[in-house]
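Working notes, structure below.
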């Protein structure tokens with residue numbers, strides 16, 4: 212069991228269907244780090260992420276939040292970087308600076324290029340600002356996933372490794388798997404993205420990804 | 212002059228008002244790296260970023276694109292990481308893993324939390340999908356900048372360094388300055404964000420930020 216010297220286990224504030232939380236669950240599982248899940252319900256009663264208590268953890272009112280080593284971190288890319296420096300093996304990032312930068316680039320296509328445009332907060336803002344109701348959300352969601360996946364597929368198709376950057380899954384798989392989960396949830400046609408689909412299928416054979424899945428979470432509904 | 216051994220200078224495909232391009236100009240200037248700007252006009256004739264030529268550089272059809280060491284990179288966070296590994300001094304990231312993770316966290320509040328929701332591509336998609344025309348864009352833009360800046364201000368106000376992480380500007384300033392530029396462009400009231408404003412004002416005294424400003428670019432209009 213991970214122990215930070217103060218007898219504290221790693222804490223992850225998470226929501227089962229939050230794709231950013233799902234990423235960090237994948238990374239913790241790949242690294243073999245034990246952690247306790249603290250569920251934060253994003254829907255019930257206007258959302259537990261809006262409570263004063265939770266805002267003191269994350270003023271941006273979002274999951275995930277990672278608490279370890281006396282440090283409170285938000286933003287999945289910051290968590291990936293910290294987990295990599297804190298636990299050397301197995302590596303999540305490629306070791307060559309060039310491939311490392313490429314891995315970050317492809318993560319960001321999802322992290323900044325897809326997810327922020329189709330997460331629940333954005334959809335609710337579309338509704339509040341412009342009365343775009345939930346019946347219209349799936350088209351918007353599929354648009355952004357498809358646009359990002361087109362660029363990802365072109366870049367990933369240039370590489371022939373079983374996973375995106377080698378023989379084992381790493382940081383990009385932690386972003387890819389939750390985004391494909393969302394694509395499936397909103398019935399995006401995945402046939403234009405065979406390389407992404409193949410990597411997803413390989414990941415879903417592996418326990419770290421199976422245990423990170425939304426349906427495997429204590430707060431799954 | 213930077214030389215990659217093939218006699219190639221660093222190339223930055225950039226648009227003067229693109230805040231992601233602006234970030235990378237700041238970083239290159241802070242590191243003292245010489246580079247050539249290749250302007251890509253995002254507005255004229257439907258956008259030069261949509262041409263086949265540009266898509267072969269970046270299938271996601273976005274600036275900036277950085278070309279160096281025979282490597283083509285998109286996504287500003289990937290560029291920051293690569294520039295840091297390629298040019299040690301001056302450092303853009305804090306050296307302690309904890310502060311480094313905090314710096315990435317705060318960059319991501321802008322990189323994934325603000326900018327994607329208010330960039331030109333998103334605004335045009337709002338117009339195409341829901342007929343939200345340009346007269347309605349400023350309220351939407353101010354909403355997202357304000358939401359992100361509230362969280363940033365809380366976190367930055369805990370630190371008393373002249374810049375966000377020390378006595379010199381680093382990676383977070385490369386994100387903060389272009390985002391404040393956008394806030395000013397859309398007349399966001401900055402009075403709730405005194406710490407952000409102070410860091411911005413300090414940066415704007417410095418040549419690397421002055422030379423990176425949109426109005427100082429060869430393609431400024």
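Chains as they are written, first to last, in the working numbering: chain A, 212 to 432; chain B, 212 to 432.
Cβ atoms here follow ideal geometry from the backbone N, Cα and C, with glycine treated the same way.
Since the model is a prediction, treat every value here as computed from it, not as a measurement.
Quick one: Cα of residue i to Cα of residue j, how far?
i                      : j                      : result
residue 307 of chain A : residue 322 of chain A : 22 Å
residue 424 of chain B : residue 395 of chain B : 13 Å
residue 241 of chain B : residue 303 of chain B : 8 Å
residue 391 of chain B : residue 417 of chain A : 44 Å
residue 269 of chain A : residue 381 of chain B : 23 Å
residue 335 of chain B : residue 359 of chain A : 16 Å
residue 393 of chain B : residue 320 of chain A : 22 Å
residue 415 of chain B : residue 383 of chain B : 14 Å
residue 309 of chain A : residue 364 of chain A : 19 Å
residue 212 of chain B : residue 223 of chain B : For residue 212 of chain B, the pLDDT reaches just 40, beneath the cut-off of 50, and the residue's location in the model is therefore unreliable, although a value from the coordinates is still provided. Near 15 Å, if we compare the C-alpha coordinates of residue 223 of chain B and residue 212 of chain B.
residue 281 of chain A : residue 299 of chain A : 19 Å
residue 329 of chain A : residue 349 of chain A : 9 Å
residue 214 of chain B : residue 283 of chain B : Bear in mind that the predicted position of residue 214 of chain B carries a pLDDT of just 47, short of 50, making it too unreliable to give a figure here.
residue 426 of chain B : residue 353 of chain A : 37 Å
residue 325 of chain B : residue 378 of chain A : 35 Å
residue 292 of chain B : residue 297 of chain A : 18 Å
residue 327 of chain A : residue 362 of chain A : 17 Å
residue 331 of chain B : residue 339 of chain B : 12 Å
residue 289 of chain A : residue 314 of chain B : 8 Å
residue 346 of chain B : residue 406 of chain A : 41 Å
residue 318 of chain A : residue 404 of chain B : 30 Å
Which word fits residue i, buried or exposed, when buried means at least 16 other C-beta atoms lie within 10 angstroms of its C-beta?
i                      : result
residue 271 of chain B : buried
residue 428 of chain B : buried
residue 261 of chain A : exposed
residue 278 of chain B : buried
residue 264 of chain B : exposed
residue 229 of chain B : buried
residue 421 of chain B : exposed
residue 370 of chain B : exposed
residue 398 of chain B : exposed
residue 375 of chain A : buried
residue 419 of chain A : buried
residue 236 of chain B : buried
residue 316 of chain A : buried
residue 312 of chain B : buried
If you measure from the beta carbon of residue i to each beta carbon in chain A, is any gap under 7 Å?
i                      : result
residue 335 of chain B : no
residue 417 of chain B : no
residue 271 of chain B : yes
residue 286 of chain B : yes
residue 223 of chain B : no
residue 289 of chain B : yes
residue 331 of chain B : no
residue 422 of chain B : no
residue 428 of chain B : no
residue 373 of chain B : no
residue 327 of chain B : yes
So which residues of chain E does residue i contact, with C-beta pairs closer than 7 Å?
i                      : result
residue 401 of chain B : Protein chains A and B are contained in the structure displayed, whereas chain E is not.
Can you list, in chain order, the residues of its chain whose CB lies under 6 Å from that of residue i, leaving out five sequence neighbours each side?
i                      : result
residue 232 of chain B : 225, 226, 274 and 275
residue 343 of chain A : 337
residue 295 of chain B : 303 and 304
residue 408 of chain A : 401
residue 239 of chain A : 246
residue 234 of chain A : 287, 385, 386 and 389
residue 250 of chain A : 430
residue 252 of chain A : 259
residue 267 of chain B : none
residue 432 of chain B : none
Could you tell me whether the Cβ of residue i comes closer than 7 Å to any Cβ of chain B?
i                      : result
residue 404 of chain A : no
residue 214 of chain A : Any answer about residue 214 of chain A is weak, because its pLDDT of 46 lies below 50 and its placement is not dependable; what the coordinates show is given next. Output row for residue 214 of chain A: interface = no.
residue 293 of chain A : yes
residue 277 of chain A : no
With a CB to CB cut of under 7 Å and the five nearest residues on each side skipped, what residues in its chain are close to residue i?
i                      : result
residue 373 of chain B : 413
Between residue i and the rest of its own chain, which residues show a CB-CB distance below 8 Å, the 5 nearest in sequence each way excluded?
i                      : result
residue 356 of chain A : 325, 329, 390, 393, 394, 397 and 399
residue 367 of chain B : 317, 375, 406, 407 and 410
Compile a chain-ordered list of the residues in the region 237–269 of chain A whose CB is closer than 7 Å to at least one CB of chain B. Hits within the stretch: zero.
Chain A contacts made by the region 296–324 of chain B, where a contact means CB separation under 9 Å: Among the residues of the region 296–324 of chain B, those with a Cβ less than 9 Å away from any Cβ of chain A are 296, 297, 308, 309, 311, 312, 313, 314, 315, 316, 317, 318, 319, 320, 322, 323 and 324, in the order of the chain.
Check distances from the C-beta atoms of the region 350–366 of chain A to those of chain B and list, in chain order, the residues that come in under 9 Å. Listed in sequence order: 350, 351, 354, 355, 358, 359, 361, 362, 363, 364, 365 and 366.
Taking Cβ-Cβ distances below 7 Å as the criterion, which residues of the region 337–348 of chain B are in contact with chain A? The region 337–348 of chain B vs chain A, Cβ under 7 Å: 340, 341 and 343.
Closer than 9 Å, Cβ to Cβ, to anything on chain A: give me those residues from the region 381–396 of chain B, in chain order. Of all residues in the region 381–396 of chain B, none has a C-beta nearer than 9 Å to a C-beta of chain A.
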